[in-house]
DNA sequence: TATCTCACATACCGACGGTACGTACCGGTG
DNA sequence: CACCGGTACGTACCGTCGGTATGTGAGATA
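Protein chains in written order, with this note's numbering: chain A, 46 to 241; chain B, 46 to 241.
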């Protein structure tokens, strides 16, 4: 049953999350006040605390929204069932591009581990970007394309390297050039792991 | 001229920084109140705001202290002038060990980029751990040990991978095993970049 | 229509970062 | 030795912000 009240409620919740994503991206978690969030969403703190248990919960909702959108755009790239190596390379490129999105970079890469705590962040990432990356690495190992080092660890290292690379690109004075360098370096590292 | 007054003052400042390092490590930046810091240092906020312009400045002092200690222990490892490759490997091992130190991991790796802002963190790191790592990479390239990809980018990627790897080890249920896996994986990546 | 419920709004509290101002003590000067 | 200037704090207070308790009105229910 889809009542009108429920629609209003969902709309309010969505407005709060959108506002949160926007402000957390611009000013960070600590720099964003809930008063600002509710003001931009044209509601009050009563609404916020009705939908979320607190600031942390609101952040996690913003986190989930950004990650969900990312997953959608990434799976579209990966779902093609061509040569595993080609697919993996395309996925890498797509992920680096994603990391350059301000929302993703600020909320997911930089703030989330601190705000949610590294342990909880890691757990949440299992179902999102990191989970996807690990499956990709697993595919490459299964296909015999790269050495079969422990997948979990390999994925972690790659994840860290990619995030760091994306941050470097984003704050570079010549993003285009740095972007090419990062891509080439990552590909070169993968080539180094490739079985002949 | 080393007056007694200056010694007292320096001692007070040091007590504040030590207290800050300890509390920031245990509870993080946001979770640490300045009242706690000054209480543990057995002074008041007046003293704190005499020595530091605010909470951020106190954090940066803590950051500098932890990094300075790290630099000292790392340069000791690297300063040996043996085979560049051996020195680099020893340096990598030493850095991963450093990342497992709670103070370093929490303050430098996790909190600093968020608290100081990524840009400022990057700038500060030029004179500390990252600067050291980049020189090490530069040495390997100059010695013709690895491919001469852009050093800056390579160092960034390696830095991110190492930090991520260290976090993985620290939160692993079997740190010893994970530690070995991370070391092996990193070395394997470097081998892949090695010129034949 | 009467009632109930829930999705908010309003008013308020305590904690915390930061500031203004007071003060005691050290170190130099006549 | 008396005096004085400045440094190194301590104390009292303010504004902001996250969180809570309670009121209320529109929409669902019978």
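Glycine is no exception: its CB is placed at the ideal position from the N, C-alpha and C atoms.
Here the structure is a predicted model, which is why all the values come from computation and not from measurement.
Taking the alpha carbon of residue i as the point to measure from, which residue in the options has its own alpha carbon closest?
| i | options | result |
| --- | --- | --- |
| residue 204 (chain B) | B:68, B:138, B:125 | B:138 |
| residue 93 (chain B) | B:229, B:231, B:55, B:172 | B:55 |
| residue 211 (chain A) | A:184, A:148, A:192, A:66 | A:148 |
| residue 57 (chain B) | B:144, B:213, B:227, B:82 | B:82 |
| residue 80 (chain A) | A:61, A:98, A:106, A:70 | A:61 |
| residue 85 (chain A) | A:73, A:71, A:63, A:98 | A:63 |
| residue 118 (chain A) | A:164, A:140, A:190 | A:140 |
| residue 72 (chain A) | B:237, B:151, B:162 | B:162 |
| residue 142 (chain B) | B:235, B:47, B:223, B:106 | B:223 |
Using a Cβ cut-off of 9 Å, pull out every chain A residue sitting near residue i, in sequence order please.
| i | result |
| --- | --- |
| residue 208 (chain B) | 205, 209 |
| residue 111 (chain B) | Under the 9 Å cutoff, chain A gives no residues; its nearest Cβ is about 17 Å from residue 111 (chain B). |
Within the 9 Å Cβ cut-off, does residue i reach chain B?
| i | result |
| --- | --- |
| residue 231 (chain A) | yes |
| residue 223 (chain A) | yes |
| residue 194 (chain A) | yes |
| residue 94 (chain A) | no |
| residue 80 (chain A) | no |
| residue 167 (chain A) | yes |
| residue 189 (chain A) | no |
| residue 163 (chain A) | yes |
| residue 172 (chain A) | no |
| residue 226 (chain A) | yes |
Are the C-beta atoms of residue i and some chain A residue less than 9 Å apart?
| i | result |
| --- | --- |
| residue 219 (chain B) | no |
| residue 234 (chain B) | yes |
| residue 159 (chain B) | yes |
| residue 238 (chain B) | yes |
| residue 133 (chain B) | no |
| residue 67 (chain B) | no |
Going along chain B in order, which residues have a C-beta closer than 7 Å to the C-beta of residue i?
| i | result |
| --- | --- |
| residue 213 (chain A) | 198, 201 |
The alpha helix (DSSP H) spanning residue i covers which residue range?
| i | result |
| --- | --- |
| residue 177 (chain A) | 174-187 |
| residue 88 (chain B) | Element bounds for residue 88 (chain B): n/a, residue is neither H nor E. |
| residue 156 (chain A) | First-last for residue 156 (chain A): undefined, no H or E at that position. |
| residue 235 (chain B) | 220-238 |
| residue 259 (chain A) | Residue numbering for chain A in the displayed model covers 46 to 241; residue 259 (chain A) lies beyond these limits and cannot be assessed. |
| residue 125 (chain B) | It is not in any alpha helix (DSSP H) - residue 125 (chain B) carries neither H nor E in the DSSP assignment. |
Could you check how far apart the C-beta atoms of residue i and residue j are, in whole angstroms? I think they sit under 8 Å.
| i | j | result |
| --- | --- | --- |
| residue 159 (chain A) | residue 156 (chain B) | 6 Å |
| residue 102 (chain A) | residue 136 (chain A) | That pair is no contact at about 31 Å. |
| residue 206 (chain B) | residue 202 (chain A) | 4 Å |
| residue 129 (chain B) | residue 185 (chain B) | 6 Å |
| residue 164 (chain B) | residue 218 (chain A) | Not quite, the Cβ-Cβ distance comes to about 12 Å (not below 8 Å), so this is no contact. |
Please list, in chain order, the chain A residues whose beta carbon lies closer than 8 Å to that of residue i.
| i | result |
| --- | --- |
| residue 56 (chain B) | Near residue 56 (chain B) there are no residues of chain A at all, since even the closest Cβ is about 31 Å away, more than 8 Å. |
| residue 156 (chain B) | 159 |
| residue 266 (chain B) | The structure shown has nothing for residue 266 (chain B), since chain B only spans 46 to 241. |
So residue i contacts chain A; which residues on that side make the cut at Cβ distance below 7 Å?
| i | result |
| --- | --- |
| residue 75 (chain B) | 75 |
Report the neighbours of residue i on chain B: residues whose CB is nearer than 8 Å to its CB, in chain order.
| i | result |
| --- | --- |
| residue 216 (chain A) | 163, 164, 167 |
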